[in-house]
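Novice: There's a structure below that I have some questions on.
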Amino acid sequence: MVDVQNDFCDPAGACGQRGSDTAAAVAMVPRLERFLADARAAGVMVVFIQTTHDESTDSPAWLARRGDAEAGAPDPVSTCRTGSWGAEFYRVAPQPGEPVVIKHRYSAFAGTNLDVVLRTAGVDSLLLTGVSTNVCVESTLRDGLFAEYRVTLVEDCAASYEAEAHEATCENVARYFGVVATSEEISATWSALAQVA
Numbered sequence: 005m006v007d008v009q010n011d012f013c014d015p016a017g018a019c020g021q022r023g024s025d026t027a028a029a030v031a032m033v034p035r036l037e038r039f040l041a042d043a044r045a046a047g048v049m050v051v052f053i054q055t056t057h058d059e060s061t062d063s064p065a066w067l068a069r070r071g072d073a074e075a076g077a078p079d080p081v082s083t084c085r086t087g088s089w090g091a092e093f094y095r096v097a098p099q100p101g102e103p104v105v106i107k108h109r110y111s112a113f114a115g116t117n118l119d120v121v122l123r124t125a126g127v128d129s130l131l132l133t134g135v136s137t138n139v140c141v142e143s144t145l146r147d148g149l150f151a152e153y154r155v156t157l158v159e160d161c162a163a164s165y166e167a168e169a170h171e172a173t174c175e176n177v178a179r180y181f182g183v184v185a186t187s188e189e190i191s192a193t194w195s196a197l198a199q200v201a
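If you want the numbering used here, it's the position in the sequence shown, counting the first as 1, plus 4.
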């Protein structure tokens, strides 16, 4: 689960303050809550991905990615500052024993221990959820495939600030990278497998 945090999802968070429409993220979270419950009931490993930023991680190149007039210019609205309300999870929380992987870039594989956590647990397939579909979720999904994981985008448990961006990522993933499925389809598969067992 990627970046379901106050600054990305809550209308009062940093993205909302910048004018991004967080309505899709807010609407997605109840579906995500149900999906997480189904995953836990099925014994599926749940990993929480959390973005944080501070002076030790904000390189000049990172700060300049949006075309700031001056490389290294501070963001007037700080996003997911380490220890802040904005960096906290939005309406979801890891249960005891569920890993939380801290990231500082769009992909949860970039500069983190995510690959080690997954391989230690014997994971070979990823179900990607979170915010935003076309940035951090897609970046993580692509890097997951390149690291030799099977990847599935759970389309109704991911959200973007523009519907067109969400839809474009779903189309791109289905065409080039992996599977696109709904949470209901995946949960139904888990239920069917449980009945067979």
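Built from N, CA and C at the ideal position, the CB exists for glycine as well.
1) If you measure between the beta carbons of tryptophan 89 and asparagine 176, is that distance less than 8 angstroms?
2) In terms of DSSP beta bridges, what is leucine 132 paired with?
3) Using 8 angstroms as the threshold, is the C-beta distance between serine 164 and tyrosine 110 below it?
4) Using CA atoms only, rank isn't needed, just tell me which of Gly47, Ala27, Ala28 and Thr26 is closest to alanine 198.
5) Hey, leucine 131 and isoleucine 53: beta-carbon distance below 8 angstroms or not?
6) Taking only three categories from DSSP, how would you classify aspartate 35?
7) Does phenylalanine 113 come out as helix, strand or coil in the three-state DSSP assignment?
8) Tell me which residues share the same chain as aspartate 42 and place their Cβ nearer than 7 angstroms to its Cβ, disregarding the 5 neighbours each side in the sequence.
9) Work out the CA separation of alanine 162 and threonine 137 for me, nearest whole Å.
10) Give me whichever residues DSSP pairs with glutamine 54 in a beta bridge.
11) By DSSP, does glutamine 99 sit in helix, in strand, or in coil?
12) Starting from the Cα of valine 158, find the closest Cα among Pro103, Glu171, Val105 and Thr116 and give me that residue.
13) Indicate the three-state DSSP secondary structure (helix, strand or coil) for alanine 29 in the structure shown.
14) Could you have a look at valine 8 and say whether DSSP puts it in helix, strand or coil?
Specialist: So, from the data block:
1) Here residue 89 is taken as the residue at index 85 of the sequence shown, counted from 1. Here residue 176 is taken as the residue at index 172 of the sequence shown, counted from 1. Contact: no.
2) Looking up residue 132 in the sequence shown gives position 128. In the DSSP output, where bridge partners are listed per residue, leucine 132 has Leu157.
3) The residue given as residue 164 occupies position 160 in the sequence shown. The residue given as residue 110 occupies position 106 in the sequence shown. Not closer than 8 angstroms, so no.
4) Within the sequence shown, numbered from 1, the residue matching residue 198 stands at position 194. The candidate whose alpha carbon is nearest that of alanine 198 is Gly47.
5) Within the sequence shown, numbered from 1, the residue matching residue 131 stands at position 127. Within the sequence shown, numbered from 1, the residue matching residue 53 stands at position 49. Not closer than 8 angstroms, so no.
6) Position 31 of the sequence shown, counted from the start, is the residue given in the question as residue 35. Per the sequence presented here, residue 35 reads as arginine, with aspartate not at that position. Here arginine 35 sits in helix by DSSP.
7) Counting from 1 along the sequence shown, the entry for residue 113 is found at position 109. Annotated three-state conformation of phenylalanine 113 is coil, per DSSP.
8) The residue labelled residue 42 in the question sits at position 38 within the sequence shown. Non-local C-beta neighbours of aspartate 42 in its own chain, meaning closer than 7 angstroms and more than five positions away in sequence, comprise Ser191 and Trp194, ordered along the chain.
9) Position 133 of the sequence shown holds residue 137. Position 158 of the sequence shown holds residue 162. If I take the Cα positions, the gap works out to 6 angstroms.
10) Within the sequence shown, residue 54 is the residue found at index 50, counting from 1. BP columns for glutamine 54 point to Ile106.
11) Position 95 of the sequence shown, counted from the start, is the residue given in the question as residue 99. Correct three-state label for glutamine 99: coil.
12) If you number the sequence shown from 1, residue 158 lands on position 154. Minimum Cα-Cα distance from valine 158 among the listed residues Pro103, Glu171, Val105 and Thr116 corresponds to Glu171.
13) Reading the sequence shown from its first residue, position 25 is the one you call residue 29. Reduced to three states, the DSSP call for alanine 29 is helix.
14) Locating residue 8 in the sequence shown gives position 4, where the first residue counts as 1. When DSSP states are grouped into helix, strand and coil, valine 8 belongs to the coil group.
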